[in-house]
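So the sequence lines, in the order shown, correspond to chains W and Z.
Under the numbering used here, think of the first position of the first sequence as 11, with each following residue one higher.
Under the numbering used here, think of the first position of the second sequence as 11, with each following residue one higher.
Idealized CB from N, CA, C, for every residue including glycine.
Owing to the predicted nature of the structure, the values given are computational and were not obtained by experimental measurement.
Input: a single structure, listed below in structure tokens.
Protein chains: 2
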Amino acid sequence: MSANIDLVIRPATESDIPALLGLIWELAEYEKLTHIMVATEEQYRQALFGARPVAEALMAFVDGQAVGYAIFFHNFSTFLGRPGIYLEDIYVRPQVRGRGVGKKLFATVARIARERNCGRYEWCVLKWNTPSIDFYKALGAEALDGWLMMRLDGDALAKVADLAEE
Amino acid sequence: MSANIDLVIRPATESDIPALLGLIWELAEYEKLTHIMVATEEQYRQALFGARPVAEALMAFVDGQAVGYAIFFHNFSTFLGRPGIYLEDIYVRPQVRGRGVGKKLFATVARIARERNCGRYEWCVLKWNTPSIDFYKALGAEALDGWLMMRLDGDALAKVADLAEE
Numbered sequence: 011m012s013a014n015i016d017l018v019i020r021p022a023t024e025s026d027i028p029a030l031l032g033l034i035w036e037l038a039e040y041e042k043l044t045h046i047m048v049a050t051e052e053q054y055r056q057a058l059f060g061a062r063p064v065a066e067a068l069m070a071f072v073d074g075q076a077v078g079y080a081i082f083f084h085n086f087s088t089f090l091g092r093p094g095i096y097l098e099d100i101y102v103r104p105q106v107r108g109r110g111v112g113k114k115l116f117a118t119v120a121r122i123a124r125e126r127n128c129g130r131y132e133w134c135v136l137k138w139n140t141p142s143i144d145f146y147k148a149l150g151a152e153a154l155d156g157w158l159m160m161r162l163d164g165d166a167l168a169k170v171a172d173l174a175e176e
Numbered sequence: 011m012s013a014n015i016d017l018v019i020r021p022a023t024e025s026d027i028p029a030l031l032g033l034i035w036e037l038a039e040y041e042k043l044t045h046i047m048v049a050t051e052e053q054y055r056q057a058l059f060g061a062r063p064v065a066e067a068l069m070a071f072v073d074g075q076a077v078g079y080a081i082f083f084h085n086f087s088t089f090l091g092r093p094g095i096y097l098e099d100i101y102v103r104p105q106v107r108g109r110g111v112g113k114k115l116f117a118t119v120a121r122i123a124r125e126r127n128c129g130r131y132e133w134c135v136l137k138w139n140t141p142s143i144d145f146y147k148a149l150g151a152e153a154l155d156g157w158l159m160m161r162l163d164g165d166a167l168a169k170v171a172d173l174a175e176e
């Protein structure tokens with residue numbers, strides 16, 4: 011499938027940040043989440059290449075053009091007692107889909123998980139995004155239907171933080 | 011509510027590990043997940059206090075007895091461009107529930123999130139665990155119903171990792 015494609019996947023460097031941000035904006039549009047996309051290039055320099063990096067990024071290039079990325083970090087399983095990898099985002103431009111770029115990007119993160127002896131590789135997907143869910147299931151992934159994600163942010167988070175001082 | 015309770019919440023130290031593992035076993039029983047609980051004390055020494063810690067733990071004590079814990083790590087939001095906190099586990103012994111221990115433990119993690127300028131505080135809950143879901147919603151948490159968690163592990167993870175080399 012990918013025999014005739016000039017595909018390069020490698021860790022992002024600082025000079026990739028403008029291209030990376032452009033692709034993140036495209037993903038925010040696809041996920042209909044542009045209203046929460048507020049990240050800046052400076053934040054990415056800190057997050058990926060600062061004194062205490064909090065995430066890692068891979069870039070995908072086809073014919074020398076940046077066409078996709080994956081951003082991940084280490085999580086931790088209490089019951090396994092070992093770190094895993096959590097894939098926060100994966101994105102491939104619509105123009106180059108169906109040529110194995112997403113699969114290779116996804117698999118490269120899996121290879122990093124294996125190299126680092128991680129017990130699990132996890133991610134979330136929007137429930138309406140059935141093409142992605144089918145793609146992952148075809149690769150052997152399990153849907154954790156029994157779990158519900160919850161979140162506190164903004165004022166609600168500040169209010170709960172106050173309860174710790176009472 | 012908690013005025014008459016001798017409650018201390020503090021970061022775990024290495025000497026707390028045996029008590030912590032005992033509480034993790036209790037949680038595995040409550041969640042009906044003992045079949046995947048394989049973590050050892052040595053793994054916890056590495057994960058929490060090794061050269062590269064991958065998680066942090068808080069311990070809760072009532073009358074000097076360890077009765078609960080919270081384990082968390084930093085995640086990262088692509089769209090916010092900032093780290094958040096992910097609460098992997100929170101547990102309070104049934105014998106001391108209803109006295110504000112869980113709320114204080116949960117709020118202490120929120121306070122840490124605020125102190126570290128984290129954009130979000132997130133966690134997962136088993137869908138059948140409605141007492142917990144109601145507890146979190148009462149604190150202002152949002153249920154991210156639109157997202158599905160997925161996972162690769164074991165042989166399926168190894169097979170996907172192989173695809174990166176093709």
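Looking at C-alpha atoms only, which residue of the options is the closest neighbour of residue i?
| i | options | result |
| --- | --- | --- |
| phenylalanine 116(Z) | Gly156(Z), Asn127(Z) and Glu98(Z) | Glu98(Z) |
| lysine 113(Z) | Gly129(Z), Ile143(Z), Pro28(Z) and Pro93(Z) | Ile143(Z) |
| glutamine 75(W) | Gln105(W), Glu175(W) and Asp163(W) | Gln105(W) |
| valine 135(W) | Trp157(Z), Gly91(Z) and Ile81(Z) | Trp157(Z) |
| threonine 23(Z) | Leu31(Z), Ala123(Z) and Arg130(Z) | Leu31(Z) |
| isoleucine 100(Z) | Gly110(Z), Leu37(Z) and Trp138(Z) | Leu37(Z) |
| alanine 166(W) | Gly129(Z), Pro28(Z) and Trp35(Z) | Gly129(Z) |
| phenylalanine 59(Z) | Gly91(W), Leu58(W), Pro63(W) and Thr44(W) | Gly91(W) |
| aspartate 172(Z) | Tyr54(W), Glu39(W), Ile46(W) and Glu125(W) | Glu125(W) |
| alanine 29(W) | Val64(W), Pro93(W) and Arg55(W) | Arg55(W) |
| histidine 84(Z) | Asp73(Z), Arg103(Z) and Val64(Z) | Val64(Z) |
| alanine 80(W) | Ala151(W), Pro93(W) and Arg103(W) | Arg103(W) |
| histidine 45(Z) | Phe89(W), Glu39(W), Ala61(W) and Leu33(W) | Phe89(W) |
| alanine 168(W) | Ala151(Z), Ala174(Z) and Asp163(Z) | Ala151(Z) |
| asparagine 14(W) | Ala148(W), Lys147(W), Val111(W) and Trp138(W) | Val111(W) |
| valine 48(W) | Glu41(W), Trp35(W) and Lys42(W) | Trp35(W) |
| tryptophan 138(W) | Thr140(Z), Asp155(Z) and Gly164(Z) | Asp155(Z) |
| arginine 107(W) | Glu175(W), Asn127(W) and Pro141(W) | Pro141(W) |
| glutamine 53(Z) | Ala174(W), Val170(W), Leu149(W) and Asn127(W) | Asn127(W) |
| alanine 148(Z) | Arg161(W), Gly78(W) and Leu43(W) | Arg161(W) |
| tyrosine 146(W) | Leu43(Z), Glu41(Z) and Asp163(Z) | Asp163(Z) |
| glycine 78(Z) | Glu176(Z), Ala174(Z) and Leu33(Z) | Leu33(Z) |
Sorted by chain position, which residues of the same chain lie with C-beta nearer than 8 Å to residue i's C-beta, five sequence neighbours on each side aside?
| i | result |
| --- | --- |
| isoleucine 19(Z) | Leu68, Met69, Ala70, Phe71, Lys114, Leu115 and Thr118 |
| aspartate 26(Z) | Ala67, Met69 and Ala76 |
| proline 21(Z) | Glu66, Ala67, Leu68 and Met69 |
| glutamate 51(Z) | Ile27, Pro28 and Leu31 |
| aspartate 73(Z) | Asp16 |
| methionine 159(W) | Cys134 |
| methionine 11(Z) | Annotation note: pLDDT 48 at methionine 11(Z) (below 50); position unreliable, no value reported. |
Enumerate in chain order the residues of its own chain whose CB-to-CB distance from residue i is below 6 Å, with the five nearest sequence positions on each side excluded.
| i | result |
| --- | --- |
| tyrosine 131(Z) | Ile95, Ala120 and Ala123 |
| phenylalanine 86(W) | Pro93 |
| alanine 57(W) | Val64 and Ala65 |
| arginine 109(W) | Ile15 |
| glutamate 39(W) | none |
| glutamate 176(Z) | none |
| alanine 153(Z) | none |
In the DSSP assignment, what are the bridge partners of residue i?
| i | result |
| --- | --- |
| tryptophan 157(W) | Leu136(Z) |
| glutamate 152(Z) | Arg161(W) |
| valine 19(W) | Residue identity differs from the one stated: residue 19(W) is isoleucine in this sequence, not valine. Paired residue(s): Ala70(W). |
| tyrosine 131(Z) | Leu162(W) and Ile95(Z) |
Leaving out the 5 sequence neighbours to the left and right, which residues in its chain are closer than 7 Å to residue i when beta-carbon positions are compared?
| i | result |
| --- | --- |
| tryptophan 133(Z) | Tyr96 and Leu97 |
| valine 170(Z) | Leu162 |
| alanine 174(W) | none |
| arginine 62(Z) | none |
Strictly below 8 Å CB to CB, what residues from chain A border residue i?
| i | result |
| --- | --- |
| leucine 158(Z) | Of the chains in the structure shown, none is chain A; the protein chains are W and Z. |
Enumerated in chain order, which unbroken segments of the beta strand (DSSP E) with a length of 3 residues or greater are wholly contained in the region 52 to 127 of chain W?
Annotation note: the region 52 to 127 of chain W contains the following uninterrupted beta strand (DSSP E) runs of length 3 or greater, listed N- to C-terminal: 66 to 72, 75 to 87 and 92 to 102.
Which residues of the region 29 to 53 of chain Z have a Cβ closer than 7 Å to any Cβ of chain W? Give them in chain order.
Those would be Ile34, Ala38, Leu43, Ile46, Met47, Val48, Ala49, Thr50 and Gln53, in chain order.
Compile a chain-ordered list of the residues in the region 121 to 139 of chain Z whose CB is closer than 7 Å to at least one CB of chain W.
If the cut-off is 7 Å between Cβ atoms, the region 121 to 139 of chain Z has Arg121, Ala123, Arg124, Gly129, Arg130, Tyr131, Glu132, Trp133, Cys134, Val135, Leu136 and Lys137 near chain W.
Could you name the residues of the region 95 to 121 of chain Z whose beta carbon sits closer than 8 Å to any beta carbon of chain W, in the order they occur along the chain?
Of all residues in the region 95 to 121 of chain Z, Tyr96, Glu98, Asp99, Lys113, Lys114, Phe116, Ala117, Thr118, Ala120 and Arg121 have a Cβ within less than 8 Å of some Cβ in chain W.
Positions along the region 144 to 155 of chain Z whose CB lies within less than 9 Å of some CB in chain W
From the region 144 to 155 of chain Z, only Tyr146, Lys147, Leu149, Gly150, Ala151, Glu152, Ala153, Leu154 and Asp155 have a Cβ closer than 9 Å to chain W.
Closer than 7 Å, Cβ to any Cβ of chain Z: which residues of the region 69 to 99 of chain W, in chain order?
For the region 69 to 99 of chain W, which is checked against every Cβ of chain Z, the residues closer than 7 Å are Ile81, Phe83, His84, Asn85, Phe86, Thr88, Phe89, Leu90, Gly91, Arg92, Pro93, Tyr96, Glu98 and Asp99.
What are the residues in the region 160 to 173 of chain W lying within 7 Å of chain Z by C-beta distance?
Residues of the region 160 to 173 of chain W that bring their beta carbon within less than 7 Å of a beta carbon in chain Z comprise Met160, Arg161, Leu162, Asp163, Ala166, Leu167, Ala168, Lys169, Val170, Ala171 and Leu173, in sequence order.
According to a CB-to-CB cut-off of less than 7 Å, which residues of the region 53 to 67 of chain W neighbour chain Z?
Under the 7 Å Cβ criterion, the region 53 to 67 of chain W contributes Gln53, Tyr54, Ala57, Val64 and Ala65.
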